[in-house]
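Working notes for the structure below.
Number of protein chains: 2
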Amino acid sequence: MQLLEERIRKDGIVKEGNVLKVDNFLNHQMDIKLFEEMAKEWKRLFAGCGVNKIFTIEASGIGIACIVAQEFGCPAVFAKKTKTKNIASDVYKTKVESFTHGTVYDVIVSKEYLLPSDRVLIIDDFLANGAALLGLIDLVNAAGATLVGAGIAIEKAFQPGGDLIRSKGVHLESLARVKSMTVEGGVEFCR
Amino acid sequence: MQLLEERIRKDGIVKEGNVLKVDNFLNHQMDIKLFEEMAKEWKRLFAGCGVNKIFTIEASGIGIACIVAQEFGCPAVFAKKTKTKNIASDVYKTKVESFTHGTVYDVIVSKEYLLPSDRVLIIDDFLANGAALLGLIDLVNAAGATLVGAGIAIEKAFQPGGDLIRSKGVHLESLARVKSMTVEGGVEFCR
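So the sequence lines, in the order shown, correspond to chains A and B.
With the working numbering, the residue at position 160 of the first sequence is 794, and numbering never jumps.
With the working numbering, the residue at position 16 of the second sequence is 650, and numbering never jumps.
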C-alpha cells in the first residue's frame, strides 16, 4: 500500500537490532486518518469474506483494529497478555514469545467473545517472527471459529513469520512488506 | 449518557470486590458504534476547546481514544506501562498504582508526542481511585501542554477519584456515573 510505504519512508526510523520505529503514526502516536485508509484497503482485500469480528492483541493492535472494525461494521476483540481479575475464568489461553521484550507471556481471550459462528479477521501492527500472530490463530482455532485471514500493517519480510503463516494456508495481507532495512540506508520494500 | 447507562444495565455484570465487568462492549470486546456515540457526546461537551490531541493509557483506553480522535479530527497518543526498547530514552515518566492488579508501574510517553502547544483531552474507560488519570495529568503537565479536560466512560462515583480530580479544577466529563452497585441489585447511577 503506497500511502503506508510513503509514510514509513517519511517518518519511520531504523534502529540497531532490526527495530523499525514507527511510533510517530502507528503504535504510540496514532494517525487515525491513515488507519482509515488502511482499513479501506483491508476491506477491499477481504471483500465478500463475511468477516463479522476483528481480533487483535493488546496493546498496539487495538487502535488499528477498532478503525478496521468500524469499516467492516462489526465488533473488535483484543486478546490480553495477562490474566486480570476482571476476566472470567472461562477463557482460551495460549503462550506467545515476545521478540521485542525477550519474554514468554500468556495470552487469553474470553470464550464469550470468540464463537464457533464467528468469521474472524486478525489485525496487528507488525509481523516479524510471527509469534503473536500464531498465538492469535491458536485462539481462533481453539474457539472453533473460522479464520478468514490476517491483516498486518508492516511485515518484516526478511524475518520468517510471513512465510511461516502463508505456508499454513492463511490468507495474509500485509500492507507494507519490508525487504530489508539499515540504519544508514533506510527501508527497502518488496516489489 | 443514557445510551451508555442502558448498555451497562443490559450487559454489565457486578462482581464481588467492586468490579463492574463491561468487557462485553467496552474493554475486551469493543462495540465501535457505541464508541462513536460516546465520541459525539464528548465532542459536544468539549466543543470549542481547541482539542488537538487525545491522550490515553494502554490498553483498554486505546480503542475509545481512537474513535474519539477520529471525531475530533486529531491524533491519539497512548501512554505505555513499561519501557520497551522501541521507545526512545526521551520520555516523560510517572508512576501509577493499579487498583485492578495491586501493583505500581511506570507510565511513559515520548516527549515527541506531547508538546507545549498541544491542547489535550484525556480519554479512559474507567475512573475509580483516579490513579491512572492522575498519572496522565502528570505527563500532560510535564510536557507543558494544556489540559483541556478528561472524558471517562464509567466513573465509579462511590470511589474518590472523581471528586479528587474535580477538586483540582479539571474539566471532567464522565458519561456514566455509578452511584452504587451490588451483585444482587445491579447498578444505580447518579442523577
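Glycine residues also receive a C-beta, built at the ideal position from the N, C-alpha and C atoms.
Please read these numbers as outputs of a predicted model, since none were measured by experiment.
>> For the structure I just gave you, are there three or more beta carbon pairs, one from the segment 722 to 729 of chain A and one from the segment 739 to 755 of chain A, closer than 8 Å?
In response: yes
>> Measuring straight from C-alpha to C-alpha, what distance separates Leu809 (chain B) and Lys674 (chain B)?
In response: 11 Å
> By Cβ distance, which residues of its chain are closer than 7 Å to Lys813 (chain B), with the 5 residues on each side in sequence left out?
Replying inline: Ala791, Phe792, Glu822, Phe823, Cys824
> Quick one: does Ala765 (chain A) have its CB under 8 Å from some CB of chain B?
Replying inline: no
> If we cut at 8 Å on Cβ distances, does Glu640 (chain B) have a partner in chain D?
Replying inline: Of the chains in the structure shown, none is chain D; the protein chains are A and B.
> Looking at C-alpha atoms only, which residue of A:Glu639, A:Gln636, A:Gly778 is the closest neighbour of Asp752 (chain A)?
Replying inline: A:Gly778
> Taking Cβ-Cβ distances shorter than 9 Å, what residues in chain B pair up with Val711 (chain A)?
Replying inline: His662, Gln663, Met664
>> Looking only at its chain, what residues have a beta carbon closer than 7 Å to the beta carbon of Asn686 (chain A), apart from the 5 residues adjacent to it on each side?
In response: Cys708, Asp752, Arg753
> Exposed or buried, what is Val774 (chain A) when buried is set at 16 or more other beta-carbons lying within 10 Å of its beta-carbon?
Replying inline: buried
> Leu668 (chain B) and Arg641 (chain B): beta carbons closer than 8 Å?
Replying inline: yes
>> Residues of chain A with CB closer than 7 Å to the CB of Gln793 (chain B), please, in chain order.
In response: What Gln793 (chain B) touches in chain A: nothing, since even the nearest Cβ is about 15 Å away.
>> I'd like to check one pair, Asn652 (chain A) with Asp759 (chain A): are the Cβ atoms closer than 8 Å?
In response: no
>> For the alpha helix (DSSP H) containing Lys674 (chain B), name the first residue and the last one.
In response: 666 to 679
>> Among the candidates B:Gly819, B:Arg811, B:Gly785, whose CA atom is the shortest distance from the CA of Gln636 (chain B)?
In response: B:Arg811
> Can you name the start and end residues of the alpha helix (DSSP H) that Arg825 (chain A) belongs to?
Replying inline: Premise fails: Arg825 (chain A) is in no alpha helix (DSSP H) and is neither H nor E.
> Got a sec? Which residues, its chain only, sit under 8 Å from Leu755 (chain B) by beta carbon, not counting five neighbours each side?
Replying inline: Trp676, Phe680, Cys683, Val685, Lys687, Ile688, Phe689, Val702, Phe706, Val782, Gly783, Ala784, Gly785
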